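Here's the structure we're looking at; comments come further down.
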Amino acid sequence: MEELRRGPWTVDEDLLLVNYVSQHGEGRWNALARSAGLKRTGKSCRLRWLNYLRPDLRRGNITPQEQLLIIELHSRWGNRWSKIARLLPGRTDNEIKNYWRTRVQRRAKQLRCDADSEAFKEETRRLWIPRLLERIQAASAVSTASASSSSSAAVPWQPEPAMVMMHSASGWSEDCFSPAPQLSPFPGAGEMEHLAGSTDVVPGGGGGWARGPTSTWTVLRATMQGTGG
Numbered sequence: 001m002e003e004l005r006r007g008p009w010t011v012d013e014d015l016l017l018v019n020y021v022s023q024h025g026e027g028r029w030n031a032l033a034r035s036a037g038l039k040r041t042g043k044s045c046r047l048r049w050l051n052y053l054r055p056d057l058r059r060g061n062i063t064p065q066e067q068l069l070i071i072e073l074h075s076r077w078g079n080r081w082s083k084i085a086r087l088l089p090g091r092t093d094n095e096i097k098n099y100w101r102t103r104v105q106r107r108a109k110q111l112r113c114d115a116d117s118e119a120f121k122e123e124t125r126r127l128w129i130p131r132l133l134e135r136i137q138a139a140s141a142v143s144t145a146s147a148s149s150s151s152s153a154a155v156p157w158q159p160e161p162a163m164v165m166m167h168s169a170s171g172w173s174e175d176c177f178s179p180a181p182q183l184s185p186f187p188g189a190g191e192m193e194h195l196a197g198s199t200d201v202v203p204g205g206g207g208g209w210a211r212g213p214t215s216t217w218t219v220l221r222a223t224m225q226g227t228g229g
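Following UniProt numbering, the numbering of the sequence shown begins with 1 at its first residue and continues without gaps.
Following this line, the structure appears as structure tokens:
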């Protein structure tokens with residue numbers, strides 16, 4: 001039995017995998033690895049394809065819309081990263097997990113509390129979510145105005161420094177958010193409502209999560225409809 005390769009993938013290996021999947025599709029990764037002539041495990045091929053090579057992968061920073069969805073869905077499903085990733089097209093479960101650990105948990109640590117604690121949920125409800133919504137709505141307004149103007153080219157919206165600065169006493173900093181959002185298609189309103197249990201969910205009083213008519217789901221639906229999402 002030939003020894004399997006380990007370590008970084010080469011360009012030639014990537015090409016073999018991409019060409020094989022494009023012709024034969026995904027699935028049965030152990031058999032795929034052998035048929036494609038790759039001296040890799042099926043698991044290695046699957047992870048390489050899903051996390052780096054598949055054509056629908058999104059690149060770049062997590063946008064405000066995506067941040068908001070991650071916060072909402074994590075409040076319902078916890079660390080079920082694969083399930084959360086299904087609502088963020090082009091993002092991998094590993095990418096979402098890394099965002100949660102490096103951004104959200106780091107902020108909680110700065111506040112000297114746990115990311116799942118009532119204190120952190122209250123801080124998220126009071127500061128983080130309103131500012132994310134502000135950025136999403138501002139970007140949507142600029143996008144709409146740019147689209148309706150035929151005399152000037154669309155100018156990407158850039159947040160004012162004050163908009164992304166969190167109150168110093170809270171321990172947040174201006175790098176709390178990723179750079180200006182690149183608005184992109186997300187699941188339609190019907191799919192979002194279905195996966196969210198056909199109800200709107202908002203952070204409630206006391207750090208919990210409650211249902212309400214003006215939730216972040218509602219705002220997300222409105223902004224996506226306004227941008228053709």
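Don't be surprised by glycine CBs; every beta carbon is placed ideally from N, CA and C.
Computed from a predicted model, the values in this text were never measured in an experiment.
message: Below 8 Å on the Cβ atoms is my contact criterion, and I expect L68 with I129 to pass it. Report the Cβ-Cβ distance as a whole number of Å.
response: By 1-based counting over the sequence shown, the position of residue 68 is 68. By 1-based counting over the sequence shown, the position of residue 129 is 129. That belief holds up - the Cβ atoms of L68 and I129 are roughly 7 Å apart, short of 8 Å.
Exercise. Between I136 and Q23, which are expected to be in contact by the criterion C-beta below 8 Å, what is the C-beta distance as a whole number of angstroms?
Worked result: The sequence position of residue 136 within the sequence shown is 136, counting from 1. The sequence position of residue 23 within the sequence shown is 23, counting from 1. Not confirmed; about 40 Å, so no contact.
Handout entry: Rounded distance between the beta-carbons of L17 and T41, thought under 8 Å
Key = Residue numbering aside, residue 41 sits at position 41 when the sequence shown is read from its first letter. Residue numbering aside, residue 17 sits at position 17 when the sequence shown is read from its first letter. T41 to L17, Cβ: 13 Å. No contact.
Checklist entry - Rounded to a whole number of angstroms, what is the C-alpha to C-alpha distance between E95 and L132? => result As a working note, residue 95 is residue 95 in the sequence shown. As a working note, residue 132 is residue 132 in the sequence shown. The alpha-carbon atoms of E95 and L132 are separated by roughly 19 Å.
Margin query: Our contact map puts T92 next to L50 with C-beta atoms below 8 Å; I'd like the distance itself, whole angstroms only.
Written below: To locate residue 92, count along the sequence shown from 1; it is residue 92. To locate residue 50, count along the sequence shown from 1; it is residue 50. The Cβ separation is near 6 Å, so the contact holds.
E26 in three-state terms, based on DSSP
On the sequence shown, position 26 is the one that residue 26 refers to. Residue state, collapsed to three classes: coil.
Q. Quick one: what does DSSP say A36 is sitting in, helix, strand or coil?
A. To locate residue 36, count along the sequence shown from 1; it is residue 36. Three-state DSSP puts A36 in coil, outside helix and strand.
Query raised in the report: Looking at L57 and L73, is the spacing between their C-beta atoms short of 8 Å?
Result: As a working note, residue 73 is residue 73 in the sequence shown. As a working note, residue 57 is residue 57 in the sequence shown. No, the Cβ-Cβ distance between L73 and L57 is not below 8 Å.
Open item on the list: On the CB-based measure, 16 or more other CB atoms within 10 Å of its CB, does T63 come out buried or exposed?
Closed with: Against the sequence shown, residue 63 aligns to sequence position 63. Residue burial annotation: T63 is buried, with at least 16 other C-beta atoms found within 10 angstroms of its C-beta.
Between the alpha carbons of G78 and A138, how many angstroms are there, rounded?
As a working mapping, residue 78 is identified with position 78 in the sequence shown. As a working mapping, residue 138 is identified with position 138 in the sequence shown. Computed Cα separation, rounded: 29 Å.
task: Along the alpha helix (DSSP H) that carries R48, what are the first and last residues, could you check?
output: As a working note, residue 48 is residue 48 in the sequence shown. Where R48 is concerned, the enclosing alpha helix (DSSP H) stretches over 42-48.
Exercise for review: Spatial neighbours of G60 within its chain, please: CB distance less than 6 Å, with the 5 preceding and 5 following residues excluded, ordered by chain position.
Suggested key: As a position in the sequence shown, residue 60 is number 60, starting the count at 1. Cβ neighbours of G60 beyond the five flanking positions: none.
Requested in this report: Rounded to whole angstroms, what's the CA-CA distance from E13 to K83? Just pull it up for me.
Outcome: Residue mapping note: residue 13 aligns to position 13 of the sequence shown, counting from 1. Residue mapping note: residue 83 aligns to position 83 of the sequence shown, counting from 1. Approximately 29 Å, taken between the alpha carbons.
Taking the alpha-carbon positions, what's the A115 to L47 distance?
-> By 1-based counting over the sequence shown, the position of residue 115 is 115. By 1-based counting over the sequence shown, the position of residue 47 is 47. Roughly 28 Å separates the two Cα atoms.
Let me check understanding here. Comparing Cα to Cα, which of K39, R28, L15, R34 lies closest to R6? On the sequence shown, position 6 is the one that residue 6 refers to. Closest by alpha carbon: K39.
* Beta-carbon separation (whole angstroms), Y99 vs I70, contact threshold 8 Å -> In the sequence shown, the residue the question calls residue 99 occupies position 99. In the sequence shown, the residue the question calls residue 70 occupies position 70. Y99 to I70, Cβ: 7 Å. Contact.
Checklist entry - Taking all protein chains shown into account, do 16 or more other C-beta atoms lie within 10 angstroms of the C-beta of V164, making it buried, or fewer, making it exposed? => result Here residue 164 corresponds to residue number 164 of the sequence shown, with the count starting at 1. Because V164 carries a pLDDT of 36, less than 50, the predicted location of this residue cannot be relied on, and the following value inherits that uncertainty. Under this definition V164 is a buried residue.
Bounding residues of the alpha helix (DSSP H) (the contiguous stretch that carries S82) = Looking up residue 82 in the sequence shown gives position 82. 81-85 is the extent of the alpha helix (DSSP H) around S82.
Please state the DSSP three-state secondary structure of T124.
Residue mapping note: residue 124 aligns to position 124 of the sequence shown, counting from 1. T124 falls in the helix class under three-state DSSP.
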